[in-house]
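Peer 1: Okay, handing you the structure first.
Protein chains: 2
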Amino acid sequence: MTPERLRALVGDVFMRAGMVEANARTVADVLVWADLRGMGSHGVMRVPRYVEWMKRGDLNGQPLIKTTESGATITLDADRAAGPVAMVRAAELAAAKARETGIALVLVRSTTHTGAIGYYTQLGARAGMAMIAITASVPNMAYHGARAAGVSTAPLSIAVPGEDEPLALDMGSGVISIGKLARARRKGETLAAGMALDAQGNPTTDPKTASIPLPLGGPKGSGLALLIECLSSLLAGNPILAEALEGTPKGRHHYQNALVIAIDVARFLPLAEFKTQVKRLIRNIKALPANGELLVPGERGHRHAQRTKDIKLAPSVLEELTALAKSLGVEVPA
Amino acid sequence: MTPERLRALVGDVFMRAGMVEANARTVADVLVWADLRGMGSHGVMRVPRYVEWMKRGDLNGQPLIKTTESGATITLDADRAAGPVAMVRAAELAAAKARETGIALVLVRSTTHTGAIGYYTQLGARAGMAMIAITASVPNMAYHGARAAGVSTAPLSIAVPGEDEPLALDMGSGVISIGKLARARRKGETLAAGMALDAQGNPTTDPKTASIPLPLGGPKGSGLALLIECLSSLLAGNPILAEALEGTPKGRHHYQNALVIAIDVARFLPLAEFKTQVKRLIRNIKALPANGELLVPGERGHRHAQRTKDIKLAPSVLEELTALAKSLGVEVPA
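If you read the protein sequences in the order shown, they are chains X and C.
The first sequence runs 578 to 911 under our numbering.
The second sequence runs 578 to 911 under our numbering.
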């Protein structure tokens with residue numbers, strides 16, 4: 578399906594499910610962006626889950642987002658808005674505020690699955706900002722040394738302006754993502770050692786039982802995930818991990834928090850000069866001796882998007898999306 | 578040697594080498610702090626190197642540090658001050674500024690080896706700040722896929738206030754630190770696979786030839802290191818990697834850049850409440866099923882410091898330090 582058609586389809590699905598149009602279009606755009614960049618795990622395969630959250634009341638299709646400004650900081654109370662809606666707003670606000678103050682922080686409280694967070698940092702980077710974004714979610718990754726999930730695969734994204742595309746890192750804090758574990762399960766591919774635990778907390782390479790990713794670099798990855806919870810959820814007064822681990826009623830709902838920081842590059846040196854130095858740095862990296870081609874952060878995704886005229890969804894994803902669309906009375910293009 | 582005596586000795590050495598007293602005491606304090614916390618690789622074993630840099634003019638014992646404020650940001654031109662001098666100042670300035678603006682950034686240009694950067698984030702955390710610090714250095718770590726060093730083992734530290742001690746992460750972006758590689762070499766300990774390359778760019782487990790750490794999680798670690806260079810060195814208009822990789826005259830000198838961000842917790846919720854939530858989170862983590870005791874970031878170092886009444890330096894470190902002290906006319910305690 579062409580990206581345009583897929584965007585329209587997904588947006589229509591969300592609207593029929595009760596989302597206001599502007600929000601539906603934003604969410605569709607962010608999900609299709611992930612598919613375009615080859616990150617299917619953060620793409621439209623998430624649509625059914627998002628709709629389910631809407632039905633349960635965890636995701637609010639008509640949120641009243643409130644922002645409170647204080648100094649160079651903004652607290653964005655997302656009112657359970659879809660992650661992409663809250664995060665696009667947060668990135669735009671952070672960039673605008675940083676233009677006044679040099680650096681700005683937007684703390685996002687009570688949103689839902691934030692999707693591929695590189696979208697938001699790249700959005701800021703294209704506006705001349707150096708951007709940092711982190712998001713906190715439920716315990717789905719092993720804490721280093723534990724036999725159970727204790728922290729989330731909390732992602733970190735950093736993007737800076739580049740001459741053509743932003744230089745954009747987007748990494749989870751686990752050795753393997755939940756999405757890749759699921760793919761290995763579907764395809765029956767044995768995992769490398771040190772990737773995951775089974776539900777009982779034992780190390781395994783069996784894709785059928787592997788369910789808990791191990792943290793990147795042991796204490797580094799789980800420490801990073803823990804601090805990401807502190808910097809977003811605890812600062813927002815909206816803990817996720819403790820609620821889930823204690824099994825409170827709140828802890829059984831889906832919600833996320835996030836933090837976005839924008840730094841106005843032009844406050845420190847002319848933006849063009851910065852971009853020239855980024856280009857110089859990339860040139861030096863690419864000239865390093867290597868057996869194959871060396872890529873810089875964000876490059877693989879960007880190339881994937883450049884050459885993708887047609888998004889090929891996995892048959893099961895397409896089937897599920899089609900069935901959902903039909904159930905909501907949305908016409909599906911042939 | 579007691580920490581007090583070691584601090585005095587090291588401070589005296591730096592003073593005799595030409596450092597102003599206040600700076601000498603600060604550097605001694607930061608180095609001894611690392612030894613106290615069991616991070617000898619960032620401790621007083623570095624003293625001879627620091628003195629060598631002073632002789633070469635790379636480290637300025639009498640720097641004129643200049644700061645330029647703009648919005649919520651401060652550029653600190655360190656004038657080749659010792660890393661600890663510039664970084665303590667940066668952390669203090671960031672915390673003070675964040676008290677006015679909610680979030681503040683201090684960009685540190687042209688300092689030297691920054692030491693154990695957890696010192697600076699913990700300093701801010703004790704003052705009620707959530708702190709982030711990163712530092713950029715020379716290419717000493719493999720870029721993912723390359724057969725040579727292309728980025729540095731750029732460290733990231735995040736610390737937040739806790740009820741007793743700060744929760745404090747301090748991680749490098751490599752799977753193994755340069756210090757640990759050196760220790761393995763000294764002790765002749767075979768490395769695990771996937772840790773390092775030799776000087777020719779071949780993977781090796783031989784401690785005699787292993788010299789280039791591999792990045793944490795492949796593209797994640799080297800991507801993080803690359804973005805850390807952008808956020809600190811390129812923003813400061815003082816590139817390190819490109820100069821070194823191109824072999825320019827400047828690239829043969831030792832210098833570092835850094836970025837410190839402070840976030841005033843009390844701007845978002847009462848500090849006591851935040852600390853209570855950090856404590857609750859730690860309690861939940863420690864209650865996870867595990868085969869052994871689970872530690873939280875910063876805990877191992879803090880415990881080490883608590884129980885260390887006497888710092889036992891490696892014989893070679895003590896010898897080198899003693900010889901250096903004597904050569905400068907500093908009396909060494911028996």
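Ideal Cβ placement from N, Cα and C applies to all residues, glycine included.
So the alpha helix (DSSP H) X/Lys674 belongs to, where does it begin and stop?
Peer 2: 660-678
Peer 1: For the region 846-866 of chain C and the region 721-732 of chain X, state whether three or more C-beta atom pairs, one from each stretch, are separated by less than 8 Å.
Peer 2: yes
Peer 1: Please list, in chain order, the residues of the region 592-615 of chain C that have any C-beta partner in chain X closer than 7 Å.
Peer 2: none
Peer 1: For C/Val590, does the three-state DSSP call read helix, strand or coil?
Peer 2: Here C/Val590 sits in helix by DSSP.
Peer 1: Distance cutoff 7 Å, beta carbons only. Does C/Gln854 sit that close to anything in chain X?
Peer 2: yes
Peer 1: Beta-carbon separation of X/Gly588 and X/Ala605 under 7 Å?
Peer 2: Against a cut-off of 7 Å, the Cβ pair of X/Ala605 and X/Gly588 comes out as a contact.
Peer 1: Please confirm whether C/Leu680 has its beta-carbon closer than 7 Å to some beta-carbon of chain X.
Peer 2: What sits at residue 680 of chain C in the sequence shown is Ile, not Leu. Yes - at least one Cβ of chain X is within 7 Å of the one on C/Ile680.
Peer 1: Measuring alpha carbon to alpha carbon, tell me which residue in C/Ala673, C/Leu744, C/Ala719 is nearest C/Pro792.
Peer 2: C/Ala719
Peer 1: In chain order, what are the residue ranges of uninterrupted beta strand (DSSP E) at least 3 long that sit wholly in the region 591-668 of chain X?
Peer 2: 643-647, 650-654
Peer 1: Is the CB-CB distance between C/Ile755 and C/Leu733 below 7 Å?
Peer 2: The Cβ-Cβ distance between C/Ile755 and C/Leu733 does not fall below 7 Å.
Peer 1: Measure the Cβ-Cβ separation of X/Leu670 and X/Thr650 and say whether it is below 7 Å.
Peer 2: no
Peer 1: I need the straight-line Cα distance from C/Ala601 to C/Met592, nearest angstrom please.
Peer 2: 6 Å
Peer 1: Pull out every residue of the region 719-734 of chain X whose Cβ sits closer than 7 Å to any Cβ of chain C, in chain order.
Peer 2: Tyr720, Gly722, Ala723, Arg724, Ala725, Gly727
Peer 1: If X/Gly675 sits next to X/Ile840, beta carbons under 8 Å apart, how far is it from one beta carbon to the other, in whole angstroms?
Peer 2: Sequence inspection shows Ala at residue 675 of chain X; the Gly mentioned does not correspond to that position. Correct: roughly 6 Å between the Cβ atoms.
Peer 1: Whole angstroms is fine: what's the gap from C/Asp775's alpha carbon to X/Glu870's?
Peer 2: Distance between the alpha carbons of C/Asp775 and X/Glu870: 20 Å.
Peer 1: Note down, one range per segment and in chain order, each beta strand (DSSP E) of at least 3 residues found wholly within the region 693-776 of chain C.
Peer 2: 706-713, 726-728, 733-737, 744-748, 773-775
Peer 1: Quick one: Cα of C/Leu836 to Cα of C/Ala672, how far?
Peer 2: 13 Å
Peer 1: With 16 other CB atoms within 10 Å as the buried threshold, where does X/Thr603 fall?
Peer 2: buried
Peer 1: Would the beta-carbon of C/Leu586 fall within 7 Å of that of C/Ala882?
Peer 2: no
Peer 1: Using a beta-carbon distance below 7 Å, is X/Ser647 in contact with chain C?
Peer 2: yes
Peer 1: Can you list the residues of chain X that C/Pro816 reaches, using a CB-CB cut of under 8 Å?
Peer 2: When 8 Å is used as the limit between beta carbons, C/Pro816 is near these residues of chain X: Gln854, Arg857, Leu858, in chain order.
Peer 1: Quick check on C/Ile755 - is its C-beta less than 7 Å from some C-beta in chain X?
Peer 2: no
Peer 1: Using a Cβ cut-off of 8 Å, pull out every chain C residue sitting near X/Val621, in sequence order please.
Peer 2: Ordered by position in chain C, no residue passes the 8 Å Cβ test against X/Val621, which lies about 25 Å from the chain.
Peer 1: Report yes or no: do three or more beta-carbon pairs, one from the region 888-908 of chain C and one from the region 768-783 of chain C, lie closer than 8 Å?
Peer 2: no
Peer 1: Relative to chain X, which residues along the region 867-889 of chain C have a C-beta separation below 9 Å, given in chain order?
Peer 2: Ala867, Asn868, Gly869, Glu870, Leu871, Leu872, Val873, Pro874, Gly875, Arg877
Peer 1: Quick one: what's got a C-beta closer than 7 Å to C/Trp630's C-beta in the same chain, skipping five residues either side?
Peer 2: Result list for C/Trp630: Leu636, Thr689, His831, in chain order.
Peer 1: Which residues of the region 770-782 of chain C have a Cβ closer than 7 Å to any Cβ of chain X? Give them in chain order.
Peer 2: Gly778
Peer 1: Give me the Cα-Cα distance between X/Arg762 and X/Met622, rounded to the nearest whole angstrom.
Peer 2: 16 Å
Peer 1: Between C/Gly765 and chain X, is there a C-beta pair that is closer than 7 Å?
Peer 2: no
Peer 1: So is X/Gly765 buried or exposed if we call it buried at 16+ other beta carbons inside 10 Å?
Peer 2: exposed
Peer 1: In the DSSP assignment, the beta strand (DSSP E) including X/Ser788 goes from what residue to what residue?
Peer 2: In the DSSP assignment, X/Ser788 falls within the beta strand (DSSP E) that extends over 787-790.
Peer 1: Using a beta-carbon distance cut-off of less than 7 Å, what residues from the region 690-714 of chain C approach chain X?
Peer 2: Ala707
Peer 1: Here's the rule: buried if 16 or more other CB atoms are within 10 angstroms of the residue's CB, otherwise exposed. What is C/Ser904?
Peer 2: exposed
Peer 1: Considering only the alpha carbon of each residue, which of X/Ala787, X/Pro738, X/Ala731 lies closest to X/Gln699?
Peer 2: X/Pro738
Peer 1: When the cut-off is 7 Å and only beta carbons count, does X/Gly800 lie next to chain C?
Peer 2: Closer than 7 Å: yes.
Peer 1: Taking 7 Å as the threshold (C-beta atoms), are X/Gly800 and C/Pro874 in contact?
Peer 2: Taking 7 Å as the Cβ cut-off, C/Pro874 and X/Gly800 qualify as a contacting pair.
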